[in-house]
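Visitor: Numbering (our numbering), first residue to last: 66 to 234.
Glycine included, each C-beta is placed from N, C-alpha and C at the ideal position.
Just so we're clear, the structure is a prediction, and the values are computed from it rather than from any experiment.
This is the structure I have questions about; it appears just below.
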């Protein structure tokens, strides 16, 4: 029997947009990411960026923020391949900060840009996104409590995913 208490975090929100199966597997503690070279590259990039900055990573509850300044909460991503997932992860972080009385704009920085015209995207959390986030969190909780693993659907980014072998081999 699965526990009914699920702590949704930014990673799960990102995965929910990216791939429901990945969200389910990660949320149910099947973590294959420690074996992923791309995940290790992403972590290394975070460490380098953190060393370059006087405002380094901040941990609040179950989230880790890349950079927090007087104006912005900045999230650094390796690429802009899944912009929607990155945006909702950042909205989630902005909501957590707001609940603690810290209101900031969000800034997404992409180290490699493929789709975006600019290397940075500025976001502001409003009531519409907050309501959508509530809905997303409920949907994630329901997904993770389900007894059925979402089916594997091969997409463009699958081969780079830490779960690729689990899903397709």
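Who are residue 144's beta bridge partners in DSSP?
Guide: Position 79 of the chain shown holds residue 144. Partner(s): 177.
Visitor: Give the DSSP bridge partners of residue 15, in chain order.
Guide: Residue 15 cannot be examined here, being either before or after the span of the chain that is shown, 66 to 234.
Visitor: Look at the alpha carbon of residue 104 and the alpha carbon of residue 136, and state the distance between them as a whole number of angstroms.
Guide: The sequence position of residue 104 within the chain shown is 39, counting from 1. The sequence position of residue 136 within the chain shown is 71, counting from 1. Because residue 104 sits at a pLDDT of 49, beneath the cut-off of 50, its placement in the model cannot be relied upon, and the point is left open.
Visitor: By alpha-carbon positions, which one of 157, 78, 149 ends up nearest to residue 249?
Guide: Outside the shown range of the chain (66 to 234) lies residue 249, about which nothing can therefore be said.
Visitor: On the premise that residue 234 lies in contact with residue 153, defined as a C-beta separation below 8 Å, what is that separation, rounded to the nearest angstrom?
Guide: Here residue 153 is taken as the residue at index 88 of the chain shown, counted from 1. Here residue 234 is taken as the residue at index 169 of the chain shown, counted from 1. Not quite, the Cβ-Cβ distance comes to about 30 Å (not below 8 Å), so this is no contact.
Visitor: In the DSSP assignment, what are the bridge partners of residue 124?
Guide: Taking the chain shown and counting its residues from 1, the one referred to as residue 124 is at position 59. Bridge pairing for residue 124: 129 [DSSP].
Visitor: Sort out for me which residues DSSP pairs residue 187 with in a bridge.
Guide: To locate residue 187, count along the chain shown from 1; it is residue 122. According to DSSP, residue 187 bridges with 172.
Visitor: Can you tell me which of the three DSSP states residue 203 falls into?
Guide: In the chain shown, residue 203 corresponds to position 138, counting from 1. DSSP places residue 203 in helix when its eight states are reduced to three.
Visitor: Please work out which residues of its chain come closer than 8 Å, Cβ to Cβ, to residue 208, disregarding the five sequence neighbours upstream and downstream, and give them in chain order.
Guide: As a working mapping, residue 208 is identified with position 143 in the chain shown. Hits under 8 Å: 81, 85, 88, 89, 92, 215.
Visitor: To the nearest angstrom, how far is it from the Cα of residue 161 to the Cα of residue 155?
Guide: As a working mapping, residue 161 is identified with position 96 in the chain shown. As a working mapping, residue 155 is identified with position 90 in the chain shown. About 10 Å.
Visitor: Can you tell me which residues form a DSSP beta bridge with residue 138?
Guide: The residue you call residue 138 lines up with position 73 of the chain shown. The partner list for residue 138 (beta bridge, DSSP) reads 133, 171.
Visitor: Could you check what DSSP says for residue 212 in three-state terms: helix, strand or coil?
Guide: Counting from one through the chain shown, the residue named residue 212 turns up at place 147. Reduced to three states, the DSSP call for residue 212 is coil.
Visitor: Please state whether DSSP places residue 163 in a helix, a strand or coil.
Guide: The residue labelled residue 163 in the question sits at position 98 within the chain shown. Here residue 163 sits in helix by DSSP.
Visitor: Could you tell me whether the segment 163-173 touches the segment 216-225, using the rule of 3 or more Cβ pairs below 8 Å?
Guide: no
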